[in-house]
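**Q** Below you will find the structure I want to go over with you.
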Amino acid sequence: YGESLPVDLLLVRDDDIPGLIADGVCDLGIVGRNELDEQAAARRQIGLPDAYQALRGLGFGQCRLMLAVPEEWQWQGPVQLAGTRIATSYPAILKQWLAEQGVDAQVVELSGSVEIAPRLGTADLICDLVSSGATLRANQLTPVHNLLDSEAVLAGAVRVPDDARASLRAMLLRRLDGVVQRQDRKLLMFRASEDRLDALSQLLADAEPLG
4 YGESLPVDLL LVRDDDIPGL IADGVCDLGI VGRNELDEQA AARRQIGLPD AYQALRGLGF
64 GQCRLMLAVP EEWQWQGPVQ LAGTRIATSY PAILKQWLAE QGVDAQVVEL SGSVEIAPRL
124 GTADLICDLV SSGATLRANQ LTPVHNLLDS EAVLAGAVRV PDDARASLRA MLLRRLDGVV
184 QRQDRKLLMF RASEDRLDAL SQLLADAEPL G
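Numbering (this note's numbering), first residue to last: 4 to 214.
Okay, here's the thing in C-alpha cells:
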C-alpha cells in the first residue's frame with residue numbers, strides 16, 4: 004500500500020495485466036503495447052468488447068513485432084505468405100493482420116523460442132518481437148515487415164471509474180506526464196547580477212524568462 008497515496012501496487016506477470024484491468028481488479032497497469040494489443044485483438048476475435056486502452060506511452064521497452072523470413076528468401080510482399088506456416092507468440096495480432104491483407108496462411112502458435120521454428124521445420128517464417136535484431140541474425144532470419152511498434156505503456160480501463168478513483172487516476176496521469184516531459188530537460192541554477200539576466204537568457208536555448 005502506498006505511503007503517501009491510497010494506491011496498492013501489485014507485481015504480476017505482464018500477460019496477466021490486461022485481464023486484471025478488464026476484470027476490474029486493477030485500475031491501471033504498466034505493460035508492453037504488444038501484450039495489450041494481442042489480448043485486445045483476441046477479445047475482439049471472440050466477440051468481446053474492448054475493456055482497456057493505452058493511456059500513455061512511457062518511452063522505454065521499445066521493440067517491434069515483425070515478420071522475419073529465412074535469409075535465402077526474396078521478399079515480395081504479403082502475397083508471398085499465402086499457404087505458408089508462420090510461427091508466433093502473438094497469434095491474434097497476426098491473424099488480424101493476415102485478414103486485413105486478405106492472405107490465407109497457417110498461424111503456428113508458440114510460447115517461446117519462435118526464432119528456431121524455421122530451422123526445426125515447424126514453420127516457414129516467424130512473426131516475433133525484435134529489438135536489436137541479433138537473435139534473428141543468429142538464426143539466419145531477415146526482418147521484412149513491421150506489424151507493430153511497441154513500448155511500455157500505462158494502460159487503464161476504457162470505462163473510467165465514477166468514484167474517488169477517478170480523481171486519483173487523473174492525478175497520477177498528471178504526475179506521470181510531468182515526469183515524462185522532464186526526462187529530456189535539466190534545471191540550471193546560477194548567481195548573476197540583475198542587469199545581466201536578459202543577456203544570459205539569450206545564451207540559453209529554449210530558456211524560460213529569468214528574474
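Every residue gets a Cβ at the ideal spot worked out from N, C-alpha and C, and that includes glycine.
From a predicted model like this one, the values you see are computed outputs, not experimental measurements.
With burial defined as no fewer than 16 other Cβ atoms inside 10 Å of the residue's Cβ, what is the status of residue 199: buried or exposed?
**A** exposed
**Q** Identify which residue in 207, 101, 187 and 46 has its Cα closest to the Cα of residue 193.
**A** 207
**Q** Which term fits residue 1, buried or exposed, when burial requires 16 or more other beta carbons within 10 angstroms of its beta carbon?
**A** Given that the chain is displayed from residue 4 to residue 214, the structure contains no residue 1 and the question cannot be resolved.
**Q** If you run the structure through DSSP and keep just helix, strand and coil, what is residue 59?
**A** strand
**Q** When we look at the beta-carbon of residue 174 and count the other beta-carbons within 10 Å, is it buried (16 or more) or exposed?
**A** exposed
**Q** Please return the same chain residues whose Cβ sits closer than 6 Å to the Cβ of residue 21, not counting the five positions on each side in sequence.
**A** 39, 42 and 55
**Q** Alpha carbon to alpha carbon, how far is residue 66 from residue 172? Give it in angstroms, no decimals.
**A** 27 Å
**Q** Find the nearest neighbour of residue 78 within the set 146, 180 and 19, judged by alpha-carbon distance.
**A** 146
**Q** Which runs of the beta strand (DSSP E), 3 residues or longer, sit entirely within the region 7-57?
**A** DSSP runs (the beta strand (DSSP E)) wholly in the region 7-57: 31-35.
**Q** Quick one: using the 10 Å Cβ neighbour count with 16 as the cut-off for buried, is residue 27 buried or exposed?
**A** Exposed, by the Cβ-count rule.
**Q** Rounded to whole angstroms, what's the CA-CA distance from residue 7 to residue 182? Just pull it up for me.
**A** 18 Å
**Q** Only counting the same chain, and skipping five residues up and downstream in sequence, which positions put a Cβ closer than 8 Å to that of residue 158?
**A** 20, 21, 24, 31, 32, 33, 34, 39, 55, 56, 57 and 58
**Q** Considering only DSSP beta bridges, list what residue 131 is partnered with.
**A** 69
**Q** Taking the alpha-carbon positions, what's the residue 83 to residue 46 distance?
**A** So the alpha carbons of these two residues sit roughly 28 Å apart.
**Q** What do you get for residue 36, buried or exposed, if any count of 16 or more other CB atoms within 10 angstroms of its CB means buried?
**A** Residue environment for residue 36: buried (at least 16 other C-beta atoms within 10 angstroms of its C-beta).
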